[in-house]
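Written out below as structure tokens is the structure these notes cover.
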Amino acid sequence: MKPENLVCMGTELVKIADFGLAREIRSRPPYTDYVSTRWYRAPEVLLHSTAYSAPIDLWAVGCIMAELYTFRPLFPGNSEIDQIFKICAILGTPDKRDWPEGYTLASNMNFKFPQFRRVPLSTLIPHATGDAINLMESMLAYNPSKRPTAQQSLRLV
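In our numbering, the protein residues as written are 20 to 176.
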């Protein structure tokens, strides 16, 4: 998912266009490791997971939401590795206790996460409300199992 594939129909209706890499909900892994435009790609996909699911779309929505406030991409990486660096530079280094699967994926690639402290999204997106910041932060959780579902996200707005 990326901004170019969202069609706004008034103030309360957004339609998704271009289902080129869509999957049936019933389909089972392993999946291809190249999906989504890099700037909106979830960390598990950047680390070549083949067992991703719906939470990758919520990550993308979190990125898009930030971009709607700032008019620029939140994580504009120029390669997959640079993308991970850009994510870590804002969200901080993932905690191994919080996302052990991410560390396993990184280890499988001989990749070590760069060491960064978290930058509060409220400093990068000062015009967003506290509720909007909380929603973006929840969607941008490293651990996909900790991201809200689409239904949960709608209840938070």
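For glycine and all other residues, C-beta sits at the position ideal for the given N, C-alpha and C. Every value quoted in this text rests on a predicted model; they were computed, and no experiment measured them.
Rounding to the nearest angstrom, what Cα-Cα distance links residue i and residue j in this structure?
i           : j           : result
residue 151 : residue 123 : 31 Å
residue 82  : residue 116 : 24 Å
residue 93  : residue 99  : 15 Å
residue 170 : residue 136 : 31 Å
residue 175 : residue 110 : 21 Å
residue 78  : residue 127 : 22 Å
residue 165 : residue 102 : 21 Å
residue 168 : residue 125 : 25 Å
residue 149 : residue 73  : 25 Å
residue 66  : residue 29  : 37 Å
residue 97  : residue 80  : 20 Å
Sort the options by Cα distance to residue i and report the nearest one.
i           : options              : result
residue 91  : 59, 126, 173 and 176 : 59
residue 89  : 168, 147 and 161     : 147
residue 105 : 145, 149 and 159     : 159
residue 142 : 121, 174 and 156     : 156
residue 153 : 172, 163, 76 and 114 : 172
residue 140 : 29, 61, 84 and 101   : 84
residue 95  : 73, 61 and 125       : 61
Should residue i be labelled buried (16 or more other beta-carbon atoms within 10 Å of its own) or exposed?
i           : result
residue 129 : exposed
residue 145 : exposed
Apart from the five residues just before and just after residue i, which ones in its own chain have a Cβ nearer than 8 Å to its Cβ?
i           : result
residue 108 : 133, 135 and 138
Who are the near neighbours of residue i in its chain, counting only those whose CB is closer than 7 Å to its CB and skipping five residues on each side?
i           : result
residue 120 : none
residue 118 : 161 and 162
residue 113 : 121, 132 and 161
Within a Cβ cutoff of 6 Å, which residues of the same chain sit near residue i, ignoring the five residues on either side of it in sequence?
i          : result
residue 71 : 63 and 64
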